[in-house]
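The block underneath contains the structure these notes are about, expressed in structure tokens.
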Amino acid sequence: MFNEREAVDHFVARLRPALDGLGEPYEVIAVDDGSSDATVSRLMQLRVDWPQLRVVALRRNVGHQTALRAGLKAARGEYVVSIDADLQDPPETIGEMLAAARSEQVDVVYGVRSDRSTDTVFKRNTAGVYYWMMRRLVGPWVSDQAGDFRLMSRAVVDVLNDLPEPRPVYRLVVPSLGFSSTEVSYVREERVAGETKYPLSRMIRLTFDSITGFSASPLKIATWLGLLSFLLCVVLIVTGLVAWGSGATVPGWTSLYIAVLLLGGVQLVCLGLLGEYVGRIYAASQGRPAYLVAFDTASARTAHPMSGGPISVDIDAVELGREREPIA
1 MFNEREAVDH FVARLRPALD GLGEPYEVIA VDDGSSDATV SRLMQLRVDW
51 PQLRVVALRR NVGHQTALRA GLKAARGEYV VSIDADLQDP PETIGEMLAA
101 ARSEQVDVVY GVRSDRSTDT VFKRNTAGVY YWMMRRLVGP WVSDQAGDFR
151 LMSRAVVDVL NDLPEPRPVY RLVVPSLGFS STEVSYVREE RVAGETKYPL
201 SRMIRLTFDS ITGFSASPLK IATWLGLLSF LLCVVLIVTG LVAWGSGATV
251 PGWTSLYIAV LLLGGVQLVC LGLLGEYVGR IYAASQGRPA YLVAFDTASA
301 RTAHPMSGGP ISVDIDAVEL GREREPIA
């Protein structure tokens, strides 16, 4: 969750009955992604009457995928479901996911949006372009209607938690692991309250992370651009030698100007792509933590900020089935 104070009560009002009706032991992990509103304060109030609710508050905003990573690290259930708190993904579908996982004996159940008419035309079109690019760069197994609403078995979660990637994009990583899977379709609803937490800038950032963090295709593009520029240089050299040998007097300012701009532009594109990868190597070599937990209500040593400090939530991980005992 991230600045979801207006949506918390609506979300809990639908999530809790859906989980209580399963007849399974469960735990709800609300990951606060450094919000500036009273989301965590309200969650702490709700936790008094809902012992299965667990709040994990991050010290600062780290982004959707990294907050989801924090939730997966904290999860202890036999099955784990990731869901946003805006109620665009219906909590009632969790029961269908659990039943499908057990009946078909699969490790992953994807929530597939059969109807996205509640999204804006711009949102649908940009999402379509994103998944079109991912299927061509990453692989045809990337679904164009499956986001981060999914159920995963303990085996999948353990593998995800062991990945060394500093900023994984789970909607690409999970299907790439090759675990057995199935789908459950649902109608995407309108956001229950508040504003979207995925503006155009974050969508562009997600696209860039998806490409550079999961595919080496940009490096291949840089290689081909470099080869074409080299061939162009050879042609220009041959042309210059022919002109010099024939004794022709050519001012050459325009051709030189265009050649410099063309070659310089290609080189800058290549350097930018290479620089992005070098930057990721540099960030990984620093060994900095991807997130820091301010407090965890599952720990007896934490001090709970009941005064309503500026914290918030970005992702909810719902755990179903047998819970493991936490490791001291």
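Residue numbering for the sequence shown is 1 to 328, as defined by UniProt numbering. For each residue, glycine too, the CB sits at the ideal point set by N, CA and C.
Per DSSP, the bridge partner or partners of residue i
{"i": "Leu-58", "result": "Val-293"}
{"i": "Asp-115", "result": "Val-187"}
{"i": "Ser-36", "result": "For Ser-36, which the question treats as bridged, DSSP gives no partner whatsoever."}
{"i": "Met-152", "result": "Val-80 and Val-108"}
{"i": "Thr-207", "result": "Note: Thr-207 sits in no beta bridge, so no partner."}
{"i": "Ser-41", "result": "Its beta-bridge partners do not exist; DSSP assigns none."}
{"i": "Ala-146", "result": "Val-112"}
Alpha carbon of residue i to alpha carbon of residue j, nearest angstrom
{"i": "Tyr-277", "j": "Ala-155", "result": "30 angstroms"}
{"i": "Tyr-170", "j": "Asp-107", "result": "15 angstroms"}
{"i": "Thr-93", "j": "Leu-151", "result": "10 angstroms"}
{"i": "Glu-6", "j": "Gly-111", "result": "25 angstroms"}
{"i": "Ser-181", "j": "Tyr-79", "result": "13 angstroms"}
{"i": "Met-1", "j": "Leu-231", "result": "52 angstroms"}
{"i": "Pro-175", "j": "Gly-252", "result": "55 angstroms"}
{"i": "Gly-309", "j": "Glu-4", "result": "Residue placement at Gly-309 is poorly supported in this model, since its pLDDT is 40, which falls under 50; the coordinates are not used for a value here."}
{"i": "Leu-273", "j": "Arg-76", "result": "39 angstroms"}
{"i": "Arg-136", "j": "Val-142", "result": "9 angstroms"}
{"i": "Gly-245", "j": "Lys-220", "result": "38 angstroms"}
{"i": "Ala-222", "j": "Val-235", "result": "20 angstroms"}
{"i": "Ala-259", "j": "Val-242", "result": "17 angstroms"}
{"i": "Met-133", "j": "Gly-139", "result": "10 angstroms"}
{"i": "Glu-104", "j": "Leu-172", "result": "23 angstroms"}
{"i": "Asp-158", "j": "Asp-49", "result": "31 angstroms"}
{"i": "Leu-227", "j": "Val-192", "result": "52 angstroms"}
{"i": "Ser-255", "j": "Leu-268", "result": "20 angstroms"}
{"i": "Ser-201", "j": "Ile-237", "result": "43 angstroms"}
{"i": "Gly-279", "j": "Glu-195", "result": "32 angstroms"}
{"i": "Asp-209", "j": "Ala-101", "result": "30 angstroms"}
{"i": "Ile-281", "j": "Leu-177", "result": "22 angstroms"}
Residues of its chain near residue i, where Cβ-Cβ distance is below 7 angstroms and the 5 sequence neighbours each way are ignored
{"i": "Glu-96", "result": "Val-184"}
{"i": "Leu-68", "result": "Ser-82, Asp-148, Tyr-170 and Ile-315"}
{"i": "Met-203", "result": "Thr-126"}
{"i": "Glu-325", "result": "Here the model assigns Glu-325 a pLDDT of 43, short of 50, so the residue's position is not dependable, and the following value carries that caveat. Closer than 7 angstroms at Cβ, skipping near neighbours: no residue."}
{"i": "Arg-47", "result": "Leu-53, Val-55 and Thr-297"}
Cβ pair residue i, residue j closer than 7 angstroms
{"i": "Gln-145", "j": "Arg-113", "result": "yes"}
{"i": "Phe-11", "j": "Asp-89", "result": "no"}
{"i": "Leu-58", "j": "Asp-32", "result": "yes"}
{"i": "Val-187", "j": "Asp-86", "result": "no"}
{"i": "Pro-91", "j": "Leu-163", "result": "no"}
{"i": "Tyr-131", "j": "Thr-207", "result": "no"}
{"i": "Leu-72", "j": "Leu-160", "result": "yes"}
Close Cβ partners of residue i (< 6 angstroms) along its chain, the five nearest in sequence each way excluded
{"i": "Thr-297", "result": "Arg-54 and Val-55"}
{"i": "Ala-74", "result": "Ile-29 and Val-56"}
{"i": "Ser-229", "result": "Leu-263 and Val-266"}
{"i": "Asp-9", "result": "none"}
{"i": "Phe-179", "result": "Asp-107, Val-108 and Val-156"}
{"i": "Asn-61", "result": "Asp-33 and Gly-34"}
Local Cβ density within 10 Å of residue i, reported as buried at 16 or more and exposed below that
{"i": "Pro-168", "result": "buried"}
{"i": "Ile-211", "result": "buried"}
{"i": "Cys-270", "result": "buried"}
{"i": "Ala-294", "result": "buried"}
{"i": "Glu-27", "result": "buried"}
{"i": "Gly-63", "result": "buried"}
{"i": "Gln-65", "result": "buried"}
{"i": "Leu-19", "result": "buried"}
{"i": "Ala-13", "result": "exposed"}
{"i": "Pro-51", "result": "exposed"}
{"i": "Gly-21", "result": "exposed"}
{"i": "Val-121", "result": "exposed"}
{"i": "Pro-218", "result": "buried"}
{"i": "Ser-307", "result": "With a pLDDT of 39 at Ser-307, under the threshold of 50, the modelled position of that residue is not reliable, and the figure given next carries that caveat. Looking at its Cβ environment, which holds fewer than 16 other Cβ atoms inside 10 Å, Ser-307 is exposed."}
{"i": "Leu-98", "result": "buried"}
{"i": "Gly-213", "result": "buried"}
{"i": "Ser-299", "result": "exposed"}
C-beta neighbour in chain B for residue i, strict 7 angstroms
{"i": "Gly-265", "result": "Absent from the structure: chain B. Only one protein chain is present."}
Own chain partners of residue i with C-beta closer than 8 angstroms, once the 5 adjacent residues on each side are dropped
{"i": "Thr-302", "result": "Low confidence applies here, because Thr-302 scores a pLDDT of 46, under 50, leaving its location unreliable and the question unanswered by this model."}
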